[in-house]
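Peer 1:
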Amino acid sequence: MKEINALKLRNNLGEILDQLNKTGEPLLISKGRKAKAVLITPEQFEKRFLDYQVEEKKKEMLEKILALRADRIGDKDSVAILRELRGYEK
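Just so it is clear: in the sequence shown, position 8 is 2 by the working numbering, and no numbers are missing.
1. Out of Thr17, Ile(-2) and Gln38, point me to the one whose CA is closest to Lys30's CA.
2. Which residue marks the beginning of the alpha helix (DSSP H) containing Asn6, and which one marks its end?
3. Please state whether DSSP places Glu19 in a helix, a strand or coil.
4. What is the DSSP secondary structure of Glu49, counted as helix, strand or coil?
5. How many Å lie between Glu52 and Gln38 at the Cα?
6. If distances are taken between C-alpha atoms only, which option among Arg63, Lys(-4) and Asp65 comes closest to Thr17?
7. At a cut-off of 7 Å, is Leu79 close to the ligand MG when judged by its beta-carbon and the heavy atoms of the ligand?
Here it is as structure tokens:
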């Protein structure tokens, strides 16, 4: 992994982006001798962070389900009500 400093990145952004697209090798961005960021291609981002995106969607769906549950009328769930209406439970 090649390392470049923030000043070089700022001065040569176009060149660096072209190099990144050509080689596909991630670039480590440093500032003050410390690594601050990593520059990767969009394809690498999608590949590496797909799990994170899936987890975020799962959380959103769970929140929606819990919100729908909160809107229920009464304490019984729908299956118990249907069984009671059909005469299965007394």
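Even for Gly, the Cβ is constructed at its ideal location relative to N, Cα and C.
Peer 2: Let's see:
1. Here the closest residue by C-alpha is Ile(-2).
2. That residue, Asn6, is in no alpha helix (DSSP H); it is neither H nor E in DSSP.
3. Three-state result, Glu19: coil.
4. In this structure, Glu49 counts as helix in the three-state DSSP scheme.
5. For the sequence presented, residue 52 should be read as Lys rather than Glu. Using only the alpha carbons, I get a separation of about 22 Å.
6. Of the listed residues, the one whose Cα sits closest to Thr17 is Lys(-4).
7. With respect to the ligand MG, the structure shown offers nothing to examine, as it has no ligands at all.
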